[in-house]
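All the letters of the sequence shown, read from the start, carry residue numbers 589 to 833 under this note's numbering. Where a beta carbon is used, it is the ideal one built from N, C-alpha and C, also for glycine. Computed from a prediction, not measured in an experiment: that's the story for all the values here.
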Amino acid sequence: EYLWSIIGSFMQQGQDFYPFCMSSRTVLAFWWLFTVIIYASYTGDLTAHLTVTVTDYPIKTLQDLVSQTAIKPYVSVGTNLHTLLAQSNSGIYKQMADMMVEIGPYEECPSFPRKADEGCMNDYSFLLAIAMKNCSEYYVADELFNTATLAFMFPEDAYYADSFNFQLQKLHESGQIQRWFEFYWSSDTVCTVGKSAEADAINLEGVGGCFIIALSLFVAGLLILTIELIWTNLAKKQPLDCLIY
């Protein structure tokens, strides 16, 4: 009967009677508490997943770009990227070259007003700055390609080149360059670009407290049962049942 009481409590069905001895009632009372916490955690987790706002972008990679026809890559003529695509003979770069739209060196991408089929292929920091100012219209895709390092050009044997290089190295090693980047390009006060809101599932660590409490009170019930056994078997006394049924 006690086992059926536990199962009925977890299924929220109730039962016709309740245990009489204090040890069983102690365990059952905190089993109810454990059941309520588990159901509340599950309900909260389900609600979070159903109500979270998820931003889904149609194009995240180059493969996504070449797999559709609505958005075309806009590439400035004379740039390194234009040369790379124009000279490609196979692969995904060749597919991009077949569908790319060439724009002049003085044309802007993105254009104003915005074109519906415009997918700008340009420097990451440049595009990120534009996307952060126009979150409702633009976003930066996840995949980065054709990456290259930038360098400052100095006259040959310039006396200040070593000092300039030393100061840049100090800024990089101290993390100041990264802090500047996060301040100007990754500030959450403007908007979040290329990110989606996700609800984290409740894991065992999140509900571990109720397991600890339930285990502690099961131990309390076991201690009460031990006292009852000592009371009835060794002391030859009558069991002390709960007076409230």
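Coil, strand or helix - residue i by DSSP
| i | result |
| --- | --- |
| E696 | coil |
| K648 | coil |
| S664 | strand |
| I800 | helix |
| I812 | helix |
| I659 | coil |
| W819 | helix |
8 Å CB neighbourhood of residue i in its chain, flanking five on each side removed
| i | result |
| --- | --- |
| I801 | F618, L621, F622 |
| E695 | S664 |
| I647 | L653, Q656, I659, G707, A729 |
Beta-carbon proximity check, residue i vs residue j, cutoff 7 Å
| i | j | result |
| --- | --- | --- |
| L673 | A658 | no |
| A749 | F742 | yes |
| G666 | P693 | yes |
Spatial neighbours of residue i in its chain, beta-carbon cut-off 7 Å, leaving aside the 5 residues before and after
| i | result |
| --- | --- |
| V781 | In this prediction, V781 scores a pLDDT of 44, lower than 50, which makes its location untrustworthy; the coordinate-derived value is nonetheless stated afterwards. For V781, where only same-chain residues beyond five positions count, the Cβ hits under 7 Å are L716, A719, M720, C723, Y727, V728. |
| L759 | I765 |
| F733 | L650 |
| E725 | R702 |
| D705 | A658, I659, K660 |
Own chain partners of residue i with C-beta closer than 6 Å, once the 5 adjacent residues on each side are dropped
| i | result |
| --- | --- |
| T649 | E731 |
Where residue i falls, given that 16 or more other Cβ within 10 Å makes a residue buried
| i | result |
| --- | --- |
| M688 | buried |
| P661 | buried |
| N821 | exposed |
| M709 | buried |
| L669 | buried |
| F799 | exposed |
| G809 | buried |
| Y627 | exposed |
| Y681 | buried |
| I815 | exposed |
Minimum length 3: unbroken beta strand (DSSP E) runs contained in the region 703-781: 706-708
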